[in-house]
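Protein chains in written order, with the working numbering: chain A, 140 to 709; chain B, 140 to 709. First the structure, in the form of structure tokens, and then the observations on it.
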């Protein structure tokens, strides 16, 4: 056809196939071509750690439809109606001529492909840190199905038994679980003093780290990897600035970098720290060139956050793909942005974040308030009930919800997604406490944990609750201040588990507190606590009512305490 | 104290203790008294079916704190600081004198109790339908721990084996599961032609009913119970307008009615259909008298819904309790209302609703659009992946999300709560598709089912997708219209399960469709479908592109088909 719209899509993993498929649904007679450097297209890279773990038997499943059809060039041609060309690399965009120079990676042939609309879905690549030895055999990154497949083959074939993971981000944590489940000894080395430093605050990360250690992952935090040493061309050990760790394999997971070079060389606007700049319709600075997925920087859905964010996720890539197709087809629905939501499983614990961490929020707002809640995710009489810790971050003046973090064995993912919605819609903390969430014992207690956390934060904003975050409590306890630790749990609970700093502890069960006020000194500061600190908060109010002014409760209690606790008679 | 604020709270189950406890935290020196007719206070009535099921061993657990302390008068006095008086019935409010006449149900003593602020938390009671025989032994309602305890004792002691449940609402469905799990034969009789008639649309209810039947519950829909027959004073059978059903026990679950008589007699505004009228601070028409919990009518969180709603739930009761205490203490946070969210487990299936059903929406809006999506809740390579069906209801003009229903074995509760938040915040369907929900394979596919449903609905609103709801498809197929049913699944799938109306079916796998267009007649209307109808939708677009105009796809495909399907060679 003479007037056929020619759309060329560079990149075939997530945003590329999504935009191509939708475009063919919207404009059936468009001439859509997708090119990809690799052999495979449309694979679920996020599923790779679960292949290593052994969750599913064939690596090809990440490239198949739910009914087992391989998503290859033939599939896209037949089922979706667009052309897919693999092993083709785009080397140069000529914006004036509206052509892209492409090179076949096997034959070396080059040619110019014309376009009316161009879509850059070039993705990202793993950061290769400047560590000597990463060229050795048995060093892996985890981005492509080949990575997962070769790692499993080598682990099995070569009996690799000791793994060192460099970087404790998403991929690091997911791979730590995968490799432990596969029977390896796993050490994770992170240059920061916490896991997931870009993702969770120190307190929540430290809580999550407790769980990883319990599952046998050796965490080496605050150490820098200097080199990877080899023997006969293969990994033998990892040298940090403090120790040598023997290793049969190394996984590098220190983040990814957007593939924005093609765009940069074509003069398209890019972020100084990397990533193609796009508008709400995923248009680059050239309106005929779109970009989406891991190669772009995102805007935040809440307008207070002006900085562009590089948060590469398959969920966002698919949203971009849809927006690109819609805009080319004239069905305009702008993409307002992301809230930085992420979730990750570490054994039986879920880690999640949406919006800003406390650390990020304090860089943007002068008046940040936080609250930490710990407790069961279901009514206590439901045996499936599991613990959960939620941290909420808000702005004092506007009372807007800025961020939520979740860590726990309970249903954290549900609360995270509700919070993601609340932030997306610009909710205040007051509103979050009032959402009409579904209540039935198999799903939630009558006041949902997310609502209880909002209530605690409101109580702090309103000056009723004086919660002290665990980090702050620990800092003050460690500094040797003259503080009384008031444990208001039952005698049975007191026998089972204890807060450290035992010389500072006075144990008075909550029910006895009103009758024993004379046993408490009026000249000391008091930190009350219980298992989760609901009774700790109650104790604070009782003491306030009795004229004790310097009382706070330790937020999250013992369940939310990120550091060691101890067991009497153990 | 002379100036002590006297607060009297009538009702000790949910809203009562919540308001009393919070009030004492906010105003420690207030004189707070809670009175309750029964012996027990502060019990989790929603947990009763799970006691009958055998989920937890002691009925007292619904009256205990998570650490096993009984929530009785002594507990509330010691831990919370307010007085609790049981077996006391309030018989009259003197608004001018600001006193309440109370009568001790054991001694008959009466006296007047003065108040500055009065809280009515009188709850609701089961509706007792005018059916002869309900006074027989072995007829139960399920409202009070005594009900659950005596039912279990009689089932075990008297070897009761056949149960008839009158009413297929929340309690009916939960009790059907509980009694089946306890080993009884269960028949559920419902006067409407669907389960949960106040809660789900016919299509979603019919889908859920399939699951109940598979678990052995005998459903008798569209029949009216005329009487319960007894033998030696005990239940022997249930007579409907069509049949006699033998029964050893009867559970009546036809709804509850607000206990608003005390308020009515005191001249406080009440809704004509029952329920005390309150403002956003839970004040009745007398500003010194508050009311909350099951005895009031609620406002909807979305202002379009003007009608007061009677939706008695423990979650709302607790919200009311908080608002009441806050308003008395001068920390005003109004309660904006509910979205009618409810969730219920039926064996391994979750049923949920938030906002309006299609039926309700069509009574309020002239331009309602719906979409049904079916599919797995997780990426297909995750073995824990389970099916889910979501129905979304929106207003065409405003594109506002009006309601969401969920039925399925997958994680329906998460999607329900996100939808509840979206409706609470007044979201459009476009926005719902863009929320930055957490993505990782153990928790969700890259495009969350809720977002996919929103996208389908947007495609319908934008005229791209022509989905036909299963009910409408069935009606037209049954009417004998000349329709072609285009099954675009793989040959393997086609061998495993089939749509009825086999003479109308043409099977062409999606990948072969573009090459076989000449096999399809251009003069017939075509309904395309697949397992879940994503390929059905794709087929519609392919056929539209090839000039076939009268094509739609059956929403939800075979997984979302509420009626029978068949298995070849079975």
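Just so it is clear, CB atoms sit at the ideal spot from N, CA and C, and this is done for glycine as well. Here the structure is a predicted model, which is why all the values come from computation and not from measurement.
#1: Can you tell me whether residue 421/B is helix, strand or coil according to DSSP?
#2: Can you tell me the Cα-Cα spacing of residue 454/A and residue 532/B, whole angstroms?
#3: Is the Cβ-Cβ distance between residue 567/A and residue 539/A less than 8 angstroms?
#4: Which chain B residues are close to residue 431/A, counting only those with a beta carbon under 9 angstroms from its beta carbon?
#5: For residue 563/B, go through chain A and note every residue whose CB falls closer than 8 angstroms to its CB, in chain order.
#6: For residue 369/B, write down the residues that DSSP places opposite it in a beta bridge.
#7: Helix, strand or coil for residue 232/A, going by three-state DSSP, please let me know.
#8: Per DSSP, what kind of secondary structure is residue 669/A in: helix, strand or coil?
#9: Starting from residue 397/A, trace the beta strand (DSSP E) both ways and give me its first and last residue.
#10: Roughly how many whole angstroms lie between the Cα atoms of residue 375/A and residue 282/A?
#11: Three-state secondary structure (DSSP) at residue 539/B?
#12: For residue 635/A, does the three-state DSSP call read helix, strand or coil?
#13: Does DSSP put residue 381/B in a helix, a strand or coil?
#14: Quick one: give me the first and last residue of the alpha helix (DSSP H) that residue 288/A is part of.
#15: With distances taken from CA atoms, which of 601/A, 399/A, 402/A is nearest residue 468/B?
#16: Which two residues bound the contiguous beta strand (DSSP E) that contains residue 238/B?
#17: Verify the CB distance criterion: does residue 200/A have a CB-CB separation below 8 angstroms to chain B?
#18: Taking C-beta to C-beta, are residue 506/A and residue 554/A nearer than 8 angstroms?
#19: Name the chain A residues whose beta carbon is nearer than 7 angstroms to that of residue 519/B?
#20: Does residue 370/A come within less than 8 angstroms of chain B when only Cβ atoms are used?
#21: I want to know whether the stretch 228-239 of chain A touches the stretch 423-441 of chain A - three or more CB-CB distances under 8 angstroms.
#22: Kindly indicate which three-state DSSP category residue 444/B falls into: helix, strand or coil?
#23: In whole angstroms, give me the CA-to-CA distance for residue 239/A and residue 330/A.
#24: Sort out for me which residues DSSP pairs residue 642/A with in a bridge.
#25: Note down, in chain order, each residue of its chain lying with its Cβ closer than 8 angstroms to the Cβ of residue 610/A, except the 5 sequence neighbours on either side.
#26: Tell me the rounded alpha-carbon separation between residue 463/A and residue 688/B.
#27: Give me the residue from 412/A, 465/A, 199/A, 395/A with the minimum Cα distance to residue 452/A.
#28: Please list, in chain order, the residues of the stretch 544-561 of chain A that have any C-beta partner in chain B closer than 7 angstroms.
#29: Considering only the beta carbon of each residue, do residue 391/B and residue 355/B sit closer than 8 angstroms?
#30: Report the residue ranges of all alpha helix (DSSP H) runs contained in full by the stretch 548-631 of chain A; include only those spanning at least 4 residues, in chain order.
#31: Can you determine whether any heavy atom of the ligand COA sits closer than 7 angstroms to the C-beta of residue 533/B, and answer yes or no?
#32: Smallest Cα separation from residue 632/A: which of 648/A, 623/A, 620/A, 625/A?
#33: Would you verify that the beta carbon of residue 630/A is, or is not, closer than 8 angstroms to some beta carbon of chain B?
#34: Pick out whichever of 402/A, 686/A, 364/A, 205/A has its Cα sitting closest to the Cα of residue 386/A.
#35: Round the Cβ separation of residue 344/B and residue 333/B to the nearest angstrom and send it over; I've been treating them as touching at under 8 angstroms.
#36: Give a yes or no on whether the minimum CB-CB distance between residue 217/B and chain A is below 8 angstroms.
So, from the listed chains and residues:
#1: Along the second chain, one-based indexing puts residue 421/B at 282. Three-state result, residue 421/B: coil.
#2: Counting from one through the first chain, the residue named residue 454/A turns up at place 315. Counting from one through the second chain, the residue named residue 532/B turns up at place 393. In a straight line, the C-alpha of residue 454/A is about 24 angstroms away from that of residue 532/B.
#3: Translated into positions along the first chain, residue 567/A becomes position 428. Translated into positions along the first chain, residue 539/A becomes position 400. Taking 8 angstroms as the Cβ cut-off, residue 567/A and residue 539/A qualify as a contacting pair.
#4: To locate residue 431/A, count along the first chain from 1; it is residue 292. Those within 9 angstroms of residue 431/A in chain B number zero; the least Cβ separation is about 13 angstroms.
#5: Stepping through the second chain from its first residue, residue 563/B is reached at position 424. The contacting residues are 570, 573, 574, 575.
#6: To locate residue 369/B, count along the second chain from 1; it is residue 230. Checking the DSSP bridge columns, you'll see residue 369/B partnered with 374/B.
#7: Position 93 of the first chain holds residue 232/A. Note: residue 232/A maps to strand in three-state DSSP.
#8: Within the first chain, numbered from 1, the residue matching residue 669/A stands at position 530. Of the three classes helix, strand and coil, the one that applies to residue 669/A here is coil, per DSSP.
#9: Against the first chain, residue 397/A aligns to sequence position 258. Run containing residue 397/A: 395-397, per the beta strand (DSSP E) assignment.
#10: Here residue 375/A refers to the residue found at position 236 of the first chain. Here residue 282/A refers to the residue found at position 143 of the first chain. About 23 angstroms.
#11: Looking up residue 539/B in the second chain gives position 400. The answer is strand: DSSP assigns residue 539/B an E or B state.
#12: Locating residue 635/A in the first chain gives position 496, where the first residue counts as 1. Three-state DSSP puts residue 635/A in a helix.
#13: Along the second chain, read from residue 1 onward, the residue named residue 381/B stands at position 242. The answer is coil: DSSP assigns residue 381/B none of H, G, I, E or B.
#14: Stepping through the first chain from its first residue, residue 288/A is reached at position 149. 284-297 is the span of the alpha helix (DSSP H), which, as asked, contains residue 288/A.
#15: Taking the first residue of the second chain as 1, we reach residue 468/B at position 329. When the alpha-carbon of residue 468/B is set against those of 601/A, 399/A, 402/A, the nearest one is in 601/A.
#16: On the second chain, position 99 is the one that residue 238/B refers to. For residue 238/B, the uninterrupted beta strand (DSSP E) segment begins and ends at 238-243.
#17: Here the question's residue 200/A lines up with position 61 in the first chain. Residue 200/A counts as touching chain B.
#18: Here residue 506/A refers to the residue found at position 367 of the first chain. Here residue 554/A refers to the residue found at position 415 of the first chain. Taking 8 angstroms as the Cβ cut-off, residue 506/A and residue 554/A do not qualify as a contacting pair.
#19: As a first step, residue 519/B must be located in the second chain, where it is residue number 380. Ordered by position in chain A, the residues that pass the 7 angstroms Cβ test against residue 519/B are 205.
#20: Walking along the first chain from the start, residue 370/A turns up at place 231. So, not an interface residue.
#21: Yes: at least three Cβ pairs fall under 8 angstroms.
#22: Counted from its first residue, the second chain places residue 444/B at position 305. Note: residue 444/B maps to coil in three-state DSSP.
#23: Taking the first residue of the first chain as 1, we reach residue 239/A at position 100. Taking the first residue of the first chain as 1, we reach residue 330/A at position 191. Near 41 angstroms, if we compare the C-alpha coordinates of residue 330/A and residue 239/A.
#24: Counting from 1 along the first chain, the entry for residue 642/A is found at position 503. In DSSP, residue 642/A forms no bridge with anything.
#25: Against the first chain, residue 610/A aligns to sequence position 471. Closer than 8 angstroms at Cβ, skipping near neighbours: 341, 342, 701.
#26: As a working note, residue 463/A is residue 324 in the first chain. As a working note, residue 688/B is residue 549 in the second chain. Straight-line Cα distance between these residues: approximately 26 angstroms.
#27: For the purposes of this step, residue 452/A is identified with residue 313 of the first chain, where counting begins at 1. Checking every option, the nearest Cα to that of residue 452/A belongs to 395/A.
#28: 552, 553, 555, 556, 557, 559, 560, 561
#29: Here residue 391/B refers to the residue found at position 252 when the second chain is read from its first residue. Here residue 355/B refers to the residue found at position 216 when the second chain is read from its first residue. In this structure, residue 355/B does not lie closer than 8 angstroms to residue 391/B by Cβ.
#30: 551-563, 568-571, 588-600, 609-617
#31: No copy of the ligand COA appears in this structure; indeed no ligand is present at all.
#32: Numbered from its first residue, the first chain carries residue 632/A at position 493. Among 648/A, 623/A, 620/A, 625/A, the Cα nearest to that of residue 632/A is on 648/A.
#33: Reading the first chain from its first residue, position 491 is the one you call residue 630/A. So no, residue 630/A is outside the interface.
#34: Position 247 of the first chain, counted from the first residue, corresponds to residue 386/A. It is 364/A whose Cα lies nearest to the Cα of residue 386/A.
#35: On the second chain, position 205 is the one that residue 344/B refers to. On the second chain, position 194 is the one that residue 333/B refers to. Correct: roughly 4 angstroms between the Cβ atoms.
#36: As a position in the second chain, residue 217/B is number 78, starting the count at 1. Interface residue (Cβ-Cβ distance to chain A less than 8 angstroms): residue 217/B is classified as such.
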